[in-house]
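In terms of our numbering, the sequence shown is residues 0 to 75. Written below as structure tokens is the structure these notes are about.
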Amino acid sequence: MKRNTKYVGLDVHQAMTVATVRSSGGRVIARSVIETSDESITEFFAAMAGSVHVVFEEGTQAQWLYDLLSPRVDRV
């Protein structure tokens, strides 16, 4: 069974986070605006099937995001 890899870019702000999901071919398959909270971000990633790679910029919330997401995705 082939696993579909998804690539997620996060633009994190204090109250809201913008997430863009791309396929392995580079096609945008989803865009979402979610609340910047443990629950909302965890829920967003739990809904994804297959391998998930995530990227976000270094900033004040980077360590929190790394700690939150590293056990839930294949690559941060």
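Even for Gly, the Cβ is constructed at its ideal location relative to N, Cα and C. Here the structure is a predicted model, which is why all the values come from computation and not from measurement.
Burial state of residue i, where buried means 16 or more other Cβ atoms lie within 10 Å
i     : result
THR41 : exposed
VAL53 : buried
VAL27 : exposed
Beta-carbon spacing of residue i, residue j below 8 Å
i     : j     : result
THR4  : SER39 : no
PHE55 : LEU64 : yes
VAL11 : THR35 : yes
VAL20 : ALA29 : yes
Reduced DSSP secondary structure (H/G/I, E/B, other) of residue i
i     : result
THR16 : strand
GLY58 : coil
SER22 : strand
Cβ-Cβ separation, residue j to residue i (assumed contact under 8 Å), whole Å
i     : j     : result
PHE43 : SER31 : 7 Å
Top-ranked residue by Cα proximity to residue i, from the options
i     : options             : result
VAL72 : ALA46, GLY58, GLY25 : ALA46
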